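Novice: Sharing a structure, written as structure tokens. Questions coming.
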Amino acid sequence: MKMKMFWNDIELFFYDWYLLHIKKPKCFICGRISTLQNYDGSWICDYHAEVMNEMGLERESREEQLND
Ligand SMILES: [Zn+2]
Numbered sequence: 012m013k014m015k016m017f018w019n020d021i022e023l024f025f026y027d028w029y030l031l032h033i034k035k036p037k038c039f040i041c042g043r044i045s046t047l048q049n050y051d052g053s054w055i056c057d058y059h060a061e062v063m064n065e066m067g068l069e070r071e072s073r074e075e076q077l078n079d
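Add 11 to the 1-based position in the sequence shown for the working numbering, that's all there is to it.
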């Protein structure tokens, strides 16, 4: 159990490192290097992920209205 968690941590560490130093995806809002990816494939920084998360429900209901 402990060993598995250890390897998961290593894997996450290297994935973050790869993103921050090799891939360098940019937040589609502010352009900062980000480690979070949206469902549509765009990248987003921690800060804007939080902002979008809070706005998420509101935006979804607005899109439904537009489709009518
Ligand atoms: Zn951002």
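We put the CB at the ideal spot given by N, CA and C, even for glycine. None of these values were measured; they are calculated from a predicted model.
1. Taking 7 angstroms as the limit, name every residue whose beta carbon sits nearer than that to some heavy atom of ligand 1, in sequence order.
2. Quick one: what's W54 bridged to in DSSP?
3. Quick check on C56: buried or exposed, where buried means 16 or more other Cβ atoms within 10 Å of its Cβ?
4. Could you give the distance in angstroms between the alpha-carbon of N64 and the alpha-carbon of L30?
5. How should C41 be labelled, buried or exposed, when 16 other C-beta atoms within 10 angstroms of its C-beta is the threshold for buried?
Specialist: Short version:
1. C38, I40, C41, R43, S45, I55, C56, Y58 and H59
2. C38 and Q48
3. buried
4. 22 angstroms
5. exposed
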